[in-house]
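Asker: Following my numbering, the numbering of the sequence shown begins with 140 at its first residue and continues without gaps. C-beta: ideal position from N, C-alpha, C; glycine also.
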Amino acid sequence: MKGEYTLDAIHSDIIHLGHLIDETMTKLLEVDHHTLTPDTKHYIDRASAFTWVARDLVERIEAGFPGARRADRSHAKENAHA
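#1: Between L167 and S187, is the Cβ-Cβ spacing less than 8 Å?
#2: Taking all protein chains shown into account, do 16 or more other C-beta atoms lie within 10 angstroms of the C-beta of V197, making it buried, or fewer, making it exposed?
#3: Can you find the residues in the same chain that come closer than 7 Å, C-beta to C-beta, to D171, ignoring five residues on each side of it along the sequence?
#4: Indicate the three-state DSSP secondary structure (helix, strand or coil) for P205 in the structure shown.
#5: Whole angstroms is fine: what's the gap from N218's alpha carbon to H155's?
#6: Whole-angstrom Cβ separation of R199 and M164, contact assumed at under 8 Å?
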């Protein structure tokens with residue numbers, strides 16, 4: 140990346156990270172646990188736990204930015220599809 144890494148750029152990255160974590164969490168929650176082997180279920184459960192923790196940390200970081208709102212993720216979602 141050229142130039143200075145600004146607070147706006149960091150905030151944007153946090154919003155995008157939150158979007159990616161939300162999408163990952165959605166996919167993990169859609170998995171039919173009844174069709175999984177015990178080992179696979181264990182790994183899916185671990186991945187789900189990791190994404191819950193990551194999501195909570197992103198929300199705490201995002202809340203630390205002035206004027207930050209969870210609604211900002213809808214803007215990140217639009218940019219992610221562009």
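Answerer: The relevant details are as follows:
#1: A contact, by the Cβ cut-off of 8 Å.
#2: Counting Cβ neighbours within 10 Å, V197 comes out buried, since at least 16 surround it.
#3: none
#4: coil
#5: Legend: pLDDT at N218 = 47, less than 50; position of this residue unreliable, value from coordinates given subsequently. CA-CA distance, N218 to H155, rounds to 9 Å.
#6: About 16 Å separates the beta carbons of R199 and M164, which is beyond the 8 Å limit, so they are not a contact pair.
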